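Undergrad: First to last, the sequence lines map onto chains A and B.
Quick note on numbering: the first sequence equals residues 348 to 472 in my numbering.
Quick note on numbering: the second sequence equals residues 1256 to 1497 in my numbering.
Backbone N, C-alpha and C fix where the C-beta goes; we use that ideal spot for every residue, glycine too.
Remember, it's a predicted structure, so these values are computed and weren't measured experimentally.
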Amino acid sequence: QACSTASDVSCPSREHDGSANNQCSLHPYKVSFHQLGWDHWIIAPRLYTPNYCKGICTGVLPYGLNSPNHAIVQRLVNELVNHSVPQPSCVPYHFLPLSILLIEANGSILYKEYEGMIAQSCTCR
Amino acid sequence: KAGWPSTALPADDPTLPSILDLAKEAPSKEMRQWPQGYPLRYMLKLYQRSADPHGHPRENRTIGAKMVRLIKPSNTAVRPPRGPWHVQILDFPLASNQVAYELIRATVVYRHQLHLAHSHLSCHVETWVPKCQTKHSPSSKSGSSKPPSMSKSWTEMDITQCIQQKLWNRKGRRVLRLRFMCQQQKGSETLELRWQDMTSLDVAFLLLYFNDTDESIQAKLLARGQEELTDRESSFLTRSVR
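1. Between the beta-carbon of leucine 1301 (chain B) and the beta-carbon of threonine 1362 (chain B), is there less than 7 Å?
2. Comparing alpha-carbon positions, which option in B:Lys1421, B:Pro1328, B:Arg1304, B:Ala1350 lies nearest glycine 1319 (chain B)?
3. Return the CA-CA distance between threonine 1262 (chain B) and tryptophan 1289 (chain B), expressed in angstroms with no decimal places.
4. For serine 446 (chain A), which beta-bridge partners are listed by DSSP?
5. Just the Cα atoms here: how many angstroms apart are tyrosine 1500 (chain B) and lysine 377 (chain A)?
6. Three or more C-beta pairs under 8 Å: does that hold for the segment 1417 to 1434 of chain B against the segment 1342 to 1355 of chain B?
7. Count the other CB atoms within 10 Å of the CB of histidine 417 (chain A); is the residue buried (16 or more) or exposed (fewer)?
8. Whole-angstrom Cβ separation of leucine 1456 (chain B) and leucine 1345 (chain B), contact assumed at under 8 Å?
9. Spell out whether any CB of chain A is found under 7 Å from the CB atom of proline 1290 (chain B).
10. What's the gap between the Cα of isoleucine 373 (chain A) and the Cα of isoleucine 1359 (chain B)?
11. Please return the same chain residues whose Cβ sits closer than 6 Å to the Cβ of glycine 1427 (chain B), not counting the five positions on each side in sequence.
12. Are the beta-carbon atoms belonging to arginine 393 (chain A) and valine 438 (chain A) less than 7 Å from one another?
13. Return no unless some Cβ of chain B is closer than 7 Å to the Cβ of tyrosine 458 (chain A).
14. Identify the residues that DSSP records as bridge partners of isoleucine 419 (chain A): which are they?
15. What does the Cβ neighbour count give for arginine 1337 (chain B), buried or exposed, with the cut at 16 atoms within 10 Å?
16. Determine, using beta-carbon pairs with one atom in the segment 451 to 465 of chain A and one in the segment 413 to 428 of chain A, whether at least three such pairs fall under 8 Å.
17. Can you name the start and end residues of the beta strand (DSSP E) that proline 1335 (chain B) belongs to?
18. Measure the beta-carbon distance from serine 1377 (chain B) to glutamine 1440 (chain B) and round it to whole angstroms, keeping in mind my assumption that it falls under 8 Å.
19. From the DSSP output, read off the bridge partner residues of threonine 1410 (chain B).
20. So the candidates are A:Asn429, A:Ser468, A:Leu448, A:Gln467; which of them puts its Cα closest to the Cα of phenylalanine 380 (chain A)?
21. When DSSP labels each residue in this structure, what does cysteine 1378 (chain B) get in the three-state scheme?
22. Rank B:Trp1340, B:Cys1437, B:Thr1331, B:Ser1406 by C-alpha distance to the C-alpha of leucine 1431 (chain B) and give the top, closest one.
23. Answer with yes or no whether the minimum CB distance from leucine 1301 (chain B) to chain A is below 7 Å.
24. Considering isoleucine 1418 (chain B), what are the terminal residues of the alpha helix (DSSP H) in which it resides?
25. Hey, would you say asparagine 369 (chain A) sits closer than 7 Å to glycine 402 (chain A), going by beta carbons?
26. Go ahead and label lysine 1327 (chain B) buried or exposed: buried means 16 or more other beta carbons lie within 10 angstroms of its beta carbon, across all protein chains shown.
27. Just the chain B side, please: which residues come within less than 7 Å of proline 444 (chain A) by C-beta, in chain order?
28. Classify histidine 1370 (chain B) as buried or exposed, calling it buried when 16 or more other Cβ atoms lie within 10 Å of its own Cβ.
29. Under the three-state reduction of DSSP, which class applies to arginine 1425 (chain B): helix, strand or coil?
30. Apart from the five residues on each side of it in sequence, which residues of its chain come closer than 6 Å, Cβ to Cβ, to glutamine 1416 (chain B)?
31. Starting from lysine 1300 (chain B) and walking both ways along the alpha helix (DSSP H), at which residues does that stretch end?
32. Beta strand (DSSP E) containing cysteine 1387 (chain B): first to last residue?
33. If distances are taken between C-alpha atoms only, which option among B:His1311, B:Lys1390, B:Ala1459 comes closest to aspartate 1413 (chain B)?
34. Should alanine 466 (chain A) be flagged as near chain B, meaning a C-beta pair shorter than 7 Å?
35. Cα-Cα, which of A:Tyr440, A:Ala466, A:Thr405 is closest to valine 432 (chain A)?
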């Protein structure tokens, strides 16, 4: 909110990409099902982009990070009251589904859409 | 890695901890044969129509279902000819119902044109249960173009009502039995038909379309919870009035 009232503070974009100062942000990551040891039963896709969230949740939690108020309070408790209370964690906020074609144990072929397989944005919680 | 994909997990053991349900479906590494032939091609085309190369479900997908299962017959048996008809019995095992999914459509895709040993046959499928309502997909009946993933010699028959009314809610092991019947077309050579060879061919497979019932289950639970709440409140109110 500070950035929205004080004109000289730049506002981050709606989806947080504070990677510049290792703030909590989304990191693209591609993996093959072969690497996961699942390629003997997953037919498609070959590659899977789960992405991941990484970064610190300190300082003023930017408005665009969609952090709940609790995260802001927990950060203050960590900094002002008790260091043993951990800082909020950088975790996925929005997810995308993934369609998978796989072979079942009985030999059937299954097309299935799995929810929550791709991290699309991050938050501090 | 914890080794769990490599151990065969009993797919529907309700006591499993909530691992990714993706892993629950993982067959063991010693899985039998990788699928091949037309069934695999059919599902690959279905996949390409429904998801982009990165695996993201397409916005304009027409599949209309969150899950589609292709089931091949587990057992095929040849019957003695019945007049001009050569008959083969196909048994399709239906896995147990998953709570989170409901069956919204069932079709059987089968070869209606067959070339065997210089003989040209035309075939159709009959359900084992009498008076079972089936209907062919409009594309094959009206002769207009088939769905893109369908090759010319295959056709699709909708058996949704038949399965839902006669089989789906039955308890225990459920097997859908179909009769695959072929007749030699006039003019094709009447050589002795090695019908026995049929059992090794892919002649038909079953497609079950499911939608995810999560939302509907939660909505039902919520509605029931609210009813209970209002009942309790009203009795409470009654009490307070007293």
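TA: So, from the listed chains and residues:
1. Their beta carbons are not under 7 Å apart, which means leucine 1301 (chain B) does not touch threonine 1362 (chain B) by this criterion.
2. Selected option, being the one with the closest Cα: B:Arg1304.
3. Because the pLDDT of threonine 1262 (chain B) is 42, which lies under 50, any placement of that residue in the model is unreliable, and the number read from its coordinates should be weighed accordingly. Those two C-alpha atoms are separated by around 18 Å.
4. A:Glu460, per the DSSP bridge assignment.
5. In the structure as shown, chain B starts at 1256 and stops at 1497, and residue 1500 (chain B) therefore has no counterpart that could be examined.
6. Under the 8 Å Cβ criterion, the segment 1417 to 1434 of chain B counts as touching the segment 1342 to 1355 of chain B, having at least three qualifying pairs.
7. Result: exposed.
8. Taking 8 Å as the upper bound for CB-CB distance, leucine 1456 (chain B) and leucine 1345 (chain B) are not in contact here, some 11 Å apart.
9. Judged by the 7 Å Cβ criterion, proline 1290 (chain B) is in contact with chain A.
10. Isoleucine is not the amino acid found at residue 373 (chain A); the sequence shown has leucine there. The straight-line gap from Cα to Cα measures roughly 37 Å.
11. So no residue of the chain qualifies.
12. At the C-beta level, arginine 393 (chain A) and valine 438 (chain A) stay beyond 7 Å of one another.
13. Flagged as an interface residue toward chain B: tyrosine 458 (chain A), by a C-beta distance shorter than 7 Å.
14. Its beta-bridge partners do not exist; DSSP assigns none.
15. Label assigned to arginine 1337 (chain B): exposed.
16. Flag = no, the segment 451 to 465 of chain A and the segment 413 to 428 of chain A do not touch.
17. First-last of the beta strand (DSSP E) with proline 1335 (chain B): 1330 to 1337.
18. Sure, about 6 Å apart at Cβ, within 8 Å.
19. Answer is B:Tyr1365, bridged to threonine 1410 (chain B).
20. The candidate whose alpha carbon is nearest that of phenylalanine 380 (chain A) is A:Leu448.
21. Per DSSP, reduced to three states, the secondary structure at cysteine 1378 (chain B) is strand.
22. The shortest C-alpha separation from leucine 1431 (chain B) is found at B:Thr1331.
23. It does: the Cβ of leucine 1301 (chain B) has a partner Cβ on chain A nearer than 7 Å.
24. Per DSSP, isoleucine 1418 (chain B) belongs to the alpha helix (DSSP H) from 1415 to 1421.
25. Glycine 402 (chain A) sits close to asparagine 369 (chain A), with the two beta carbons spaced by under 7 Å.
26. Residue environment for lysine 1327 (chain B): buried (at least 16 other C-beta atoms within 10 angstroms of its C-beta).
27. Per Cβ cutoff of 7 Å: Pro1312.
28. Under this definition histidine 1370 (chain B) is an exposed residue.
29. The three-state reading of DSSP puts arginine 1425 (chain B) in coil, since its state is none of H, G, I, E or B.
30. So the qualifying residues of the chain are Gln1388.
31. Start and end: 1292 to 1305.
32. Neither: cysteine 1387 (chain B) is in no beta strand (DSSP E) and is coded neither H nor E.
33. Distances from the CA of aspartate 1413 (chain B) to each of B:His1311, B:Lys1390, B:Ala1459 were compared; the closest alpha carbon is that of B:Lys1390.
34. Output row for alanine 466 (chain A): interface = no.
35. Selected option, being the one with the closest Cα: A:Thr405.
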